[in-house]
Amino acid sequence: MASRLALAAAVGGVLSGLVLFPGTTATAAPAHRPAGPNHVLLPGHLILSRTVYTAGTDTIVPGVTQLPPGCTTDCVTAVADGGYPEVFNNESVDGSFGVTSPILLDTVTPSGHTMRTLDVPSGTNGDHLVSSFSSKSELGLNLSTDASALTFMGYVAPVGAIDVSNSNTPGVVDPTNPVSASYYRAVAELHGNGSLSYTETNAYSGNNGRAAILDSADDKLFMSGNAGNGGSPEPVGVIAGAGAQITTSSTLPESQQQVGQPTPVGGFSITELGDKADKVGKDTNFRGLTVHDNVVYLTKGSGGNGVNTVYFIDTTGKACPSGVGLPAPGAALPTSAVSYNPATLQATGLPENICVLKGFPTATKSTTSFPFGVWFANDTTMYVADEGSGSNTYDPATGTYTDAAAQTGAGLQKWVLSDGSWKLAYTIQNGLDLGTPYAVSGYPTGDNSVTGLPWAPATDGLRNLTGEVNPDGTVSLWAVTSTVSGATDEGADPNRLVRVTDHLDATSAAGDTFQTLRTARSGEALRGIVYVPGN
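Just so we're on the same page, the working numbering is the position in the sequence shown counted from 1, plus 90.
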């Protein structure tokens, strides 16, 4: 049963059935004390993570507020106030711009009806966690390997704080980072009894943690994310704190934790593929994370370095001598961090034990491959969510984002393992209406004066993903969309939750059509999605 539920966790995650009645808030401490009678398991339902922008208009004053906060050199002045969505036009002058916001978890029926909502504690009086609006890669959800807990990542910071997603962590400070503030990143574990516990980390300094999975057997947390927001060469702690991480789960309140240096669980360099080395530590800008059959899988779909593809951690040291391969049968999950020499890390990077999954792209700086979520239907069938290129080229004559509409790889890819390699069977796009703008109630109409493009968003592809194999041989899949628009930061766009049904043995996408289950409201962004298996 544990492997079955972990399989359903995939990237985009899983909550082990924990839900609340409307308006209920989970307790944060002590770490494993039941939070009350209103916590029930709902097998056969979805869990959706989302965030809502809550800062006030007057929190930022155009022409007055200096960005980033606390800057002493290279300061800029805000061009927009704190009102949504115009506030994110400040990214046009501050590349680190973001505003922290609360995390919410919805219990949703397979048809998209919201049953209950859990508000993750965000007040700073006690344990708390927030997300960064508009960091689109955050709040992936995953079940632990025994399906007893849900895990996701955020920041130990107040709501409404600016530029937290590019801040340093307290134990890894990059003096060249233009954001001077420091905040721990943390993994939240939501337990079946309704309690929340948190594990702080110094990983992902200068950037963000995206997802986490708890290995219940060993009490270890696997994490994926990115690090660095300063100059070169990056500090040792930034390089060591990027990509794939492992740490021991904590049961202590946040205020009592002694947080050490980052503990990387693996590294990858494009030199493994015979390519010329690029910036150390940037080949592991990982987003997606899942565990299947005792193997940790990761995805990379953005950034100017490395290969946008699907990866796995090789714990045998034998699966991919040339950087590409398949997991060795019977391989064990990682249990400890890799060893490295701090004196040489800036030159050589981390030990290279992460591999490209055989059959997936190996080209550097791809303009057609943008994998994010991964979900295994079985050992030989994998679905990959491709979020699209992010190009917002717009044709006013047709009213469409032409690059988004023309993509052939964006959407839901079905991959099949055959003859010792993964092969792309087909890509499901019908019903996503790629590149076609849609209306959102309360959202601005017309054009954004900063970009000169329409505010209205359009679907560009898919990010987080989950699914379930049905008794009749069909597969139900749910995903959260990515967008393009005229917003300065498209991560702030109201996006969508969609569903599609595929036949497991199908060889084409004929008849597969996405249905939109939910469109985010103005000021809301949908992030992670998971199906809770069971009757």
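All C-beta atoms in this analysis are idealised placements derived from N, C-alpha and C, irrespective of residue type, glycine included.
Does residue i come within less than 8 Å of chain C when only Cβ atoms are used?
i, result
"Gln351", "The chain labelled as chain C is not found in the depicted structure, where only one protein chain is given."
Take residue i as the anchor and find which of the options has the nearest alpha-carbon.
i, options, result
"Pro40", "Phe450, Cys165, Pro432 and Val151", "Lying outside 91 to 625, the shown extent of the chain, residue 40 is not represented and no answer is given."
"Gly284", "Leu240, Glu290, Glu324 and Pro248", "Leu240"
"Ser338", "Leu607, Gln351, Ile329 and Val328", "According to the sequence provided, residue 338 is Thr. The question's Ser does not apply to it. When each option's Cα is compared against that of Thr338, the closest is Gln351."
"Pro488", "Ser459, Ala293, Ser456 and Thr526", "Sequence check: residue 488 is Thr here, not Pro. The shortest Cα separation from Thr488 among Ser459, Ala293, Ser456 and Thr526 belongs to Thr526."
"Ser314", "Asn482, Glu344, Val386 and Lys369", "Val386"
"Ala427", "Ile444, Glu344 and Gly394", "Ile444"
"Thr556", "Pro547, Asn520, Gln503 and Pro325", "Gln503"
"Asn395", "Ile360, Ser429, Gly480 and Gly378", "Ile360"
"Glu279", "Leu233, Pro248 and Asp308", "Leu233"
"Thr490", "Gly478, Ala548, His135 and Thr471", "Ala548"
"Val297", "Thr470, Leu231 and Ser186", "Sequence check: residue 297 is Asn here, not Val. Measuring from the Cα of Asn297, the nearest candidate turns out to be Ser186."
"Val446", "Leu231, Leu363, Gly327 and Ile329", "Leu363"
What number of angstroms, rounded off, separates the C-alpha of residue i from the C-alpha of residue j?
i, j, result
"Asn319", "Ser295", "8 Å"
"Leu435", "Glu442", "12 Å"
"Glu181", "Ala271", "18 Å"
"Thr207", "Leu195", "6 Å"
"Gly501", "Val277", "28 Å"
"Leu131", "Pro623", "No answer about Leu131 holds up, because its pLDDT of 46 lies below 50 and its placement is not dependable."
"Lys372", "Pro561", "43 Å"
"Ile403", "Gly356", "7 Å"
"Ala610", "Gly601", "27 Å"
"Thr578", "Gly153", "18 Å"
"Ser287", "Thr380", "21 Å"
"Ile619", "Ser572", "13 Å"
"Phe462", "Ala301", "11 Å"
"Ile137", "Ser566", "15 Å"
"Ala596", "Trp505", "11 Å"
"Arg608", "Thr147", "27 Å"
"Asn384", "Thr235", "9 Å"
"Pro486", "Asp583", "20 Å"
"Ser635", "Leu524", "Lying before the first or after the last residue shown, residue 635 is absent from the chain, which here runs from 91 to 625."
"Lys226", "Ala475", "14 Å"
"Gly261", "His593", "49 Å"
"Ala367", "Pro424", "26 Å"
"Pro417", "Ala409", "6 Å"
"Gly126", "Pro419", "The predicted position of Gly126 is uncertain, since its pLDDT is 37 and thus under 50; a value taken from the coordinates is nonetheless stated next. If you take the alpha carbons of Gly126 and Pro419, they lie about 43 Å apart."
"Thr266", "Gly321", "6 Å"
"Ser222", "Gln497", "29 Å"
"Cys161", "Asn468", "51 Å"
"His203", "Val570", "15 Å"
"Gln335", "Pro354", "4 Å"
"Glu558", "Pro133", "12 Å"
"Ile518", "Asn316", "29 Å"
"Tyr274", "Thr259", "5 Å"
"Lys369", "Ala293", "18 Å"
"Pro124", "Ala307", "Note that Pro124 has pLDDT 34, beneath the 50 cutoff, so the model's placement of it is unreliable and the number below is only indicative. Spanning the two alpha carbons is a distance of roughly 22 Å."
Taking 6 Å as the limit between beta carbons, can you name the residues of its chain near residue i, skipping five residues before and five after?
i, result
"Ser598", "Tyr516"
"Thr606", "Arg586 and Val588"
"Thr374", "Ala332, Gly333 and Phe358"
"Leu522", "Gly501, Thr549 and Phe604"
"Ala495", "Leu524 and Gly525"
In the DSSP assignment, find the unbroken alpha helix (DSSP H) run with residue i in it and report its ends.
i, result
"Val246", "Segment: none, Val246 is in no alpha helix (DSSP H) and carries neither H nor E."
"Gly601", "Note, Gly601: premise wrong, no alpha helix (DSSP H); not H, not E."
First and last residue of the beta strand (DSSP E) that includes residue i?
i, result
"Ile137", "Leu136 to Val142"
"Val326", "Segment Val326 to Ala330 is the alpha helix (DSSP H) holding Val326; no beta strand (DSSP E) there."
"Ile403", "Thr399 to Ile403"
"Arg38", "Residue 38 lies beyond the residue range present for the chain, which begins at 91 and ends at 625; the question has no answer from this structure."
"Thr197", "Ile193 to Val198"
"Asn468", "Pro461 to Asn468"
"Leu208", "Thr204 to Asp209"
"Gly618", "Glu614 to Tyr621"
"Asp592", "Arg586 to His593"
"Ser222", "Ser221 to Phe223"
Could you pull out every residue in the same chain whose Cβ sits closer than 7 Å to the Cβ of residue i, ignoring the five residues on either side in sequence?
i, result
"Pro451", "Val397, Asn398, Thr399 and Ser459"
"Val540", "Asn179, Ser182 and Thr578"
"Val142", "Ser191, Pro192, Leu194, Gly613 and Glu614"
Counting only the same chain and skipping the five closest in sequence on each side, list residues whose C-beta sits under 8 Å from that of residue i.
i, result
"Ile150", "Ala168, Ala170, Asp171, Gly172, Val177, Asn180 and Ile252"
"Trp545", "Pro175, Tyr533, Pro534, Thr535, Gly536, Asp537, Asn538, Ser575, Gly576 and Ala577"
"Gln156", "Cys165, Val166, Thr167 and Ala168"
"Thr492", "Thr483, Tyr484, Asp485 and Gly525"
"Val530", "Ala546, Pro547, Pro584, Thr609, Ala610, Arg611 and Ser612"
Would the beta-carbon of residue i be found less than 7 Å away from any heavy atom of the ligand ADP?
i, result
"Ser306", "Absence of the ligand ADP from the depicted structure is noted, as is the absence of any ligand whatsoever, leaving it without description."
### Query
Which runs of the alpha helix (DSSP H) spanning at least 4 residues fall entirely within the segment 415-446, listed in chain order?
435-438
### Message
Quick check on the DSSP output: what are the complete alpha helix (DSSP H) runs of length 4 or more inside the segment 477-565, in order along the chain?
### Response
492-496
### Complete beta strand (DSSP E) runs within the segment 353-413 (minimum length 3 residues, chain order)
379-382, 385-390 and 399-403
### Inside the segment 274-344 only - alpha helix (DSSP H) runs reaching at least 4 residues
326-330
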